[in-house]
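Here the structure comes first, spelled out in structure tokens, and everything after it is commentary.
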Amino acid sequence: MIRQFAVLIDGFEEEGDFNLDMDIHTYREITSDDEPLFLKEKNLHSLYSLMDGTRYQYFKTQQTAPATMGFSIRGTDGKQLVSRNMFHFFESLMRRIALGQYNHLSEHCDTIIICQDDPGLGFVKQMIETKHITDMSFEQIVKMTDGIYPNYVIPAYHYCDDWRVLEQEGWYPLWESKVKIVHIDVVRYPAKIDSEQSEKINEFLVKGGGLALGILPNTDDAFEKPVLETLKDNLLSTLTDFHKCGVDLELLENNTMISTQCGLSGASPELTKEIHERSMDFKDIYLKQFELLLR
């Protein structure tokens with residue numbers, strides 16, 4: 017998704033590596049204007065094709081978070097663009113894109129969920145801790161990322177790495193920031209957490225937050241059983257882990273949705289179709305697993 021959004025930047029190489037040759041004029045063009053930005057249809061085909069006159073009660077879209085943009089794109093010197101000035105640049109870019117998405121979708125959608133995908137945040141956090149980044153704090157990054165969401169959307173966030181260890185001196189940004197829906201991978205990173213984080217999750221749920229449990233694998237070779245059997249097994253083990261760690265299952269039951277662990281770009285068309293078709297049965301399986309644990 018990085019290339020998909022970076023094409024709006026003059027000087028970005030659309031082919032090959034993620035390289036950006038940017039001058040001061042491009043920097044000012046992005047950072048000195050608050051007007052919405054939106055991609056052309058060739059770069060965001062689905063958001064054009066789905067707006068076909070259908071009225072959506074809920075619609076979820078996504079975009080890359082600024083920390084991952086800066087971590088993934090390199091300048092002409094080969095270095096990652098993770099300074100304070102460049103984070104300001106990418107924060108401005110993605111905030112304007114988010115507003116553009118909202119404006120495009122709001123005519124057709126009652127409730128819009130904008131999810132920021134941020135696989136690079138953990139690496140940026142490490143760079144701050146090892147003094148490779150010295151002009152910006154982790155807290156500042158999270159706060160500025162929170163500021164990207166337009167008003168009137170439900171803010172969601174997908175952290176692709178080990179969500180269990182995203183913590184700073186007792187502060188858990190997944191559970192204590194602006195985000196209302198947190199997508200976590202519980203296939204690769206099982207829900208084995210300490211009591212402190214369990215309590216943070218309970219507080220997050222009490223305040224109206226929700227979890228998107230990445231509980232289904234996103235590649236064909238990770239499935240040893242059919243989709244619905246895999247869902248049953250993974251749900252039971254994940255809910256058991258949460259329960260043992262102190263997460264309130266009654267809160268969890270009413271504030272959780274089912275998802276794959278990450279996107280399905282690496283899945284076959286057959287698997288993608290099967291997951292979509294079987295999703296109509298997810299709710300019943302989900303509720304039955306809770307009954308097994310709560311009765």
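For the sequence shown, the residue numbers in this note's numbering are 17 to 311. Glycine is no exception: its CB is placed at the ideal position from the N, C-alpha and C atoms.
The way I'd put it, the region 182-196 does touch the region 160-168; three or more beta-carbon pairs between them come closer than 8 Å. Around the beta carbon of Arg71, a 10 Å sphere encloses fewer than 16 other beta carbons of the protein chains shown; the residue is thus reported as exposed. Leaving aside the five residues that flank Val263 on each side, the residues in its chain whose CB is nearer than 7 Å to its CB run, in chain order, Ser214, Ile217 and Asn218. Counting only residues of its own chain and dropping the five nearest sequence neighbours on each side, Glu29 has a CB closer than 8 Å to the CB of Asn35, Leu36 and Asp37.
Selection Ile274, Pro189, Lys147 and Leu287 evaluated against Asp237 yields Leu287 as nearest (Cα-Cα). Bounds of the alpha helix (DSSP H) holding Pro285 are Pro285 to Arg294.
Under DSSP, no beta-bridge partner is assigned to Ile113.
Looking only at His199, Asp151 and Tyr168, the smallest Cα-Cα distance to His174 is reached by His199.
Scanning His120, Leu182 and Ala22 for the CA closest to the CA of Asp68 turns up His120. For a cut-off of 8 Å, the C-beta gap from Thr84 to Gly136 is around 4 Å, short enough to register as a contact. Within the region 50-100, the beta strand (DSSP E) runs of at least 3 residues that lie entirely inside it are, in chain order, 72-80. By a beta-carbon distance limit of 8 Å, Leu221 does not contact Leu232. Their separation comes to about 22 Å. Bounds of the beta strand (DSSP E) holding Met273 are Thr272 to Thr276. In this structure, the beta-carbon distance from Ala172 to Asp134 does not fall below 8 Å. Counting only residues of its own chain and dropping the five nearest sequence neighbours on each side, Val169 has a CB closer than 7 Å to the CB of Tyr118, Ile128, Ile129 and Ile130.
It is roughly 7 Å from the alpha-carbon of Tyr302 to the alpha-carbon of Leu251. Taken atom to atom, the span from the alpha-carbon of Lys141 to that of Phe103 is near 13 Å. By the Cβ neighbour-count rule, Gln305 is buried, with 16 or more other Cβ atoms within 10 Å of its own.
In the DSSP assignment, Asp151 falls outside any alpha helix (DSSP H) and carries neither an H nor an E. Approximately 6 Å separates the beta-carbon atoms of Phe105 and Ile46; this is inside 8 Å, confirming the contact. The shortest CA-to-CA distance from Glu145 to any of Met110, Glu185, Asp126 and Thr254 is the one to Glu185.
Annotation: Asp39 to Ser253 spans about 52 Å, alpha carbon to alpha carbon.
Residue state for Val198 is assigned as strand, using DSSP reduced to three classes. Nearest Cα to Glu155 within the set Trp187, Cys176, Trp179 and Gln132: Trp187.
Rounded to whole angstroms, the separation of the alpha carbons of Asp93 and Glu123 is 43 Å.
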